[in-house]
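Sequential numbering from 3 applies to the sequence shown in the working numbering. Don't be surprised by glycine CBs; every beta carbon is placed ideally from N, CA and C.
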Amino acid sequence: MKSCGTKIAVSYALMIALILFVSCQSPISESRFLRSLNANSWLEAFEAIDQRINGGHGYANHLDTLGYLSWRQSRIFESYLNIYEATQDLSWLEKFVQQADLILSHRDDHLWGGAPAWSSLKYLKTGWNKPEPLLVNNAMIIYPLARFDALVLNKVTLSAFHNVALWYMSNVSETVDYFQQWYIVDEEAGYYLIQDAEFVNHPGINAPFNWNAAMGRVLLALYDATGRVAYLKQARALAQTLKAGLNVMDNDSYCWHYWFGEGYERYKSTEDVSHGALDVQFALACHEHGIVFDAQDIHRFANTLKKNVWDGQEFTSSVWGTGKINPSIA
3 MKSCGTKIAV SYALMIALIL FVSCQSPISE SRFLRSLNAN SWLEAFEAID QRINGGHGYA
63 NHLDTLGYLS WRQSRIFESY LNIYEATQDL SWLEKFVQQA DLILSHRDDH LWGGAPAWSS
123 LKYLKTGWNK PEPLLVNNAM IIYPLARFDA LVLNKVTLSA FHNVALWYMS NVSETVDYFQ
183 QWYIVDEEAG YYLIQDAEFV NHPGINAPFN WNAAMGRVLL ALYDATGRVA YLKQARALAQ
243 TLKAGLNVMD NDSYCWHYWF GEGYERYKST EDVSHGALDV QFALACHEHG IVFDAQDIHR
303 FANTLKKNVW DGQEFTSSVW GTGKINPSIA
């Protein structure tokens, strides 16, 4: 019989999986129903919603032209891994593999001999109608693959998945290496540049916090899978950049902007909760790896949620506690 603590942990993992999963879609009419479910019903609810998305096949048959792989399928993949970790049911890993094989077949080099990356129309200059590869989209796509690798390759009991994990890791490494040409180290801090190309809105300047954080999560997962210190070192440098941009508020919370450096000079917006979630996920992963972010930092991020973003009834759209949330980006 499972202990009470184990049941709580499983329920928590299932809830996170469901929230991640639902966040990749348009708002659904059952939202009130989902909030009313008890913990034992989360898995059934997840399975029901899974079936609603192309019969349980997610968006794996899509290209990333409109961001379906980067901003929808990636969340589905993370949810599958969360469900596996909560239940130890191998069918979720099998489902992951079936869909991951499909999205890899849609990478530019596998489709038409392009770069080892996925191209998209999102975030490109208005009027540009040729898909191009951008850092954040690709980081979102490959993070679940890298996380799968770390999970599988560190468990002897999952040896049946080792070969496919090694293949995924080879592909993930190729994508990371492709974007390395735009990585900059400034003393102990690091960050990526946006390509100095005609198709982007802000060519040649530093990428926003969330773009760097998205790739930082990939690097930590690759470190977990391979033990290569170079991945950890680069993740640490990216984390230093994020931490330097955090402001400690009077309520002991963290607030920060969407951009830093030259990007901030052009776009001074505060960080929104959707992109800010990537920053916090990266910071939490760094804390779990013992780099840059300590317990006090995580406490301040928790205060950002409890004191700025959520008042017990409504969410705000900014980590500063301002604006009304837009469900389409939550």
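Beta-carbon separation of residue i and residue j under 7 Å?
i      : j      : result
Pro210 : Trp130 : no
Ile207 : Glu134 : no
Asn214 : Tyr193 : yes
Leu222 : Ala287 : yes
Lys326 : Ser319 : yes
Arg302 : Asp254 : yes
Leu136 : Tyr125 : yes
Gln101 : Gly69  : no
Asn139 : Ser161 : no
Ile85  : Trp94  : yes
How close, in whole Å, do the beta carbons of residue i and residue j come, if the pair is a contact with beta carbons under 8 Å?
i      : j      : result
Cys257 : Val174 : Cys257 to Val174, Cβ: 33 Å. No contact.
Tyr180 : Ala119 : 5 Å
Leu83  : Phe150 : 6 Å
Ala285 : Leu244 : 7 Å
Ala152 : Ala227 : 4 Å
Val99  : Val166 : 6 Å
His259 : Ser271 : 7 Å
Asn156 : Leu104 : No, Asn156 and Leu104 are not in contact; Cβ-Cβ is about 25 Å, not under 8 Å.
Val294 : Gln242 : 6 Å
What are the start and end residues of the alpha helix (DSSP H) that includes residue i?
i      : result
Ile143 : Leu137 to Leu155
Tyr86  : Ser76 to Thr89
Gly265 : Gly263 to Arg268
Arg230 : Note, Arg230: premise wrong, no alpha helix (DSSP H); not H, not E.
Ala47  : Trp44 to Arg54
Phe98  : Ser93 to Ser107
His112 : Asp110 to Trp114
In the DSSP assignment, what are the bridge partners of residue i?
i      : result
His259 : Thr272
Lys308 : Beta-bridge pairing links Lys308 to no other residue.
Lys326 : Thr318
Ser121 : Pro135
Leu126 : Val202
Asn208 : Leu195
Asn249 : Cys257
Worksheet entry | 3 or more residues per run - each beta strand (DSSP E) lying fully within the region 165 to 206 | 185 to 188 and 191 to 194
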